[in-house]
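Counting with the numbering used here, you get residues 25 to 349 for the letters of the sequence shown.
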Amino acid sequence: MGIFSSAPDTREILQRRKEDCRIVGQRMSTLFYILVGSIIVAILQMILKLTLFYVVSFGLSIAFGVVTMGMPDDEDRFQKAGIYYIVSVVFSFIANLGFITMLANLVAAIMGILYIFSFVNAASDVLTGVDDQISISWDWLKMAYSILYISLIVAVLLAFTRVLAELALLVILAAAIGVIVFEIWMMVLLYKSGNALTRFANQPIPDDVSNVVVRNGVAVRKKQDMNAGGWQCICGKQNPKYSHTCSCGKTMADSEREKAEKRAALRNRTSSANRASEKTSASSTMSESRKNVELLKELKGLLDQGVITQEEFDAKKAELLRDIK
Numbered sequence: 025m026g027i028f029s030s031a032p033d034t035r036e037i038l039q040r041r042k043e044d045c046r047i048v049g050q051r052m053s054t055l056f057y058i059l060v061g062s063i064i065v066a067i068l069q070m071i072l073k074l075t076l077f078y079v080v081s082f083g084l085s086i087a088f089g090v091v092t093m094g095m096p097d098d099e100d101r102f103q104k105a106g107i108y109y110i111v112s113v114v115f116s117f118i119a120n121l122g123f124i125t126m127l128a129n130l131v132a133a134i135m136g137i138l139y140i141f142s143f144v145n146a147a148s149d150v151l152t153g154v155d156d157q158i159s160i161s162w163d164w165l166k167m168a169y170s171i172l173y174i175s176l177i178v179a180v181l182l183a184f185t186r187v188l189a190e191l192a193l194l195v196i197l198a199a200a201i202g203v204i205v206f207e208i209w210m211m212v213l214l215y216k217s218g219n220a221l222t223r224f225a226n227q228p229i230p231d232d233v234s235n236v237v238v239r240n241g242v243a244v245r246k247k248q249d250m251n252a253g254g255w256q257c258i259c260g261k262q263n264p265k266y267s268h269t270c271s272c273g274k275t276m277a278d279s280e281r282e283k284a285e286k287r288a289a290l291r292n293r294t295s296s297a298n299r300a301s302e303k304t305s306a307s308s309t310m311s312e313s314r315k316n317v318e319l320l321k322e323l324k325g326l327l328d329q330g331v332i333t334q335e336e337f338d339a340k341k342a343e344l345l346r347d348i349k
């Protein structure tokens, strides 16, 4: 991601990547707020039916494309996406005015499709190495849009047949609902991506950059760094050792403190369960066994979160299983 030189200075490349991430993060946040504004204006336009709101909506759409064009990308995909979006908006405007309606709508649709795939591909790549979960979410959104467009093509073909015309209408209705859902999905991803990229850009460059390699002019951390010296947040996500803040917003210190609190609470509950088990009569043995089973399930969840180690889990498991027996 970003426009990098072929210079071998890893630290300089990291700095340029962070700067590009800062710019893209800020602009993605701006795109999110533009979309929120567009939704508000669209609602007001439907209620009040004033031409002013239509003009404002058109202006916000153009602003969306301009902001997108200003996002740095090594393959200029954001720039292309911005151009596709502006052309789509302009031809939609021409179609609404009643000029060459069919041709204008066709061009707007094609440009809209090109915009989606160009933007989503660029967004997925820019989040790679910054927040892989969000990057994968962008890939899923691209797949969802692919299914949507294929469904629309099938619906158009079915519309020409009398027998399946009603089915085509149902597919088009489902696609219309899908467009709304995907737009909301995209807004959420823009918000999360903006925050993730900004956090990444604000992190200091580590003194030791030996765990970073340069591929095609882009600084990428080595995979083994995630397993050696990294830390696991209480949310379950693995983080590199030079990152002090997880994508969920918790710092490493916050995560470790919550883990310690959960471990302390677990020790208290286990001790209480053991004392209760010793005092329980034969008639209540079944009830205590169920409690121990529930506690065992909770232990497994804490193991998955990284709160306790495998050795601690095995020891507690053996202790609880003895009580169950």
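The C-beta atom is built at its ideal place from N, Cα and C for all residues, glycine as well. It should be emphasised that the depicted structure is a prediction, and the values quoted were computed from it without experimental measurement.
Span of the alpha helix (DSSP H), counted from its first residue to its last, around residue i
i	result
Lys274	No alpha helix (DSSP H) holds Lys274; DSSP gives it neither H nor E.
Thr75	Thr75 to Met93
Leu188	Where Leu188 is concerned, there is no enclosing alpha helix (DSSP H), given that its DSSP letter is neither H nor E.
Ile258	From DSSP, Ile258 is part of no alpha helix (DSSP H); its letter is neither H nor E.
Ala117	The residue you asked about is not Ala; residue 117 is Phe in the sequence shown. First-last of the alpha helix (DSSP H) with Phe117: Arg101 to Leu121.
Asp149	Thr125 to Leu151
Nearest-angstrom Cβ-Cβ length linking residue i and residue j, presumed shorter than 8 Å
i	j	result
Phe88	Met95	With 8 Å as the limit, Phe88 and Met95 do not qualify as a contact, their Cβ atoms being about 12 Å apart.
Ala66	Ser81	6 Å
Leu326	Cys45	Not confirmed; about 34 Å, so no contact.
Lys216	Ile258	Rounded, the Cβ-Cβ distance is 19 Å, inconsistent with contact.
Gly260	Asp328	6 Å
Ser112	Gly136	4 Å
Val48	Val150	6 Å
Between the CA atoms of residue j and residue i - distance to the nearest angstrom
i	j	result
Leu172	Val144	15 Å
Ala119	Met126	7 Å
Ile332	Ala146	38 Å
Asn240	Gly218	Bear in mind that the predicted position of Asn240 carries a pLDDT of just 40, short of 50, making it too unreliable to give a figure here.
Gly330	Met276	13 Å
Leu38	Glu190	56 Å
Met210	Lys341	43 Å
Arg40	Met52	18 Å
Glu322	Ala199	41 Å
Cys270	Thr152	15 Å
Ile177	Glu335	56 Å
Val20	Phe337	Any property of residue 20 remains undetermined from this structure, which presents the chain solely from 25 to 349.
Ala288	Leu320	16 Å
Tyr266	Phe224	Low confidence applies to Tyr266: its pLDDT is 49, below 50, so where it sits in the model is not reliable enough to give any reading.
Phe117	Gly202	23 Å
Ala192	Ala284	57 Å
Leu130	Val154	37 Å
Leu181	Leu197	15 Å
Val242	Arg35	Because Val242 sits at a pLDDT of 45, beneath the cut-off of 50, its placement in the model cannot be relied upon, and the following sentence gives the value as read from the coordinates. Taking the straight line from one Cα to the other gives about 11 Å.
Phe77	Leu55	19 Å
Gly61	Lys104	23 Å
Tyr169	Ser175	10 Å
Lys73	Val79	12 Å
Glu280	Ile229	23 Å
Ile71	Ile64	11 Å
Gln69	Leu59	15 Å
Ala128	Leu121	10 Å
Leu345	Leu214	47 Å
Ala339	Gln227	39 Å
Ile124	Phe115	10 Å
Glu43	Leu290	44 Å
Asn324	Arg314	Correcting the residue identity first, residue 324 is Lys in this sequence and not Asn. Roughly 16 Å between the two C-alpha positions.
Ile110	Val90	8 Å
Ala132	Cys272	38 Å
Query raised in the report: So, do the region 185-197 and the region 133-147 have three or more beta carbon pairs nearer to each other than 8 Å?
Result: no
Query raised in the report: Is the region 165-181 close to the region 199-210, with three or more CB pairs under 8 Å?
Result: yes
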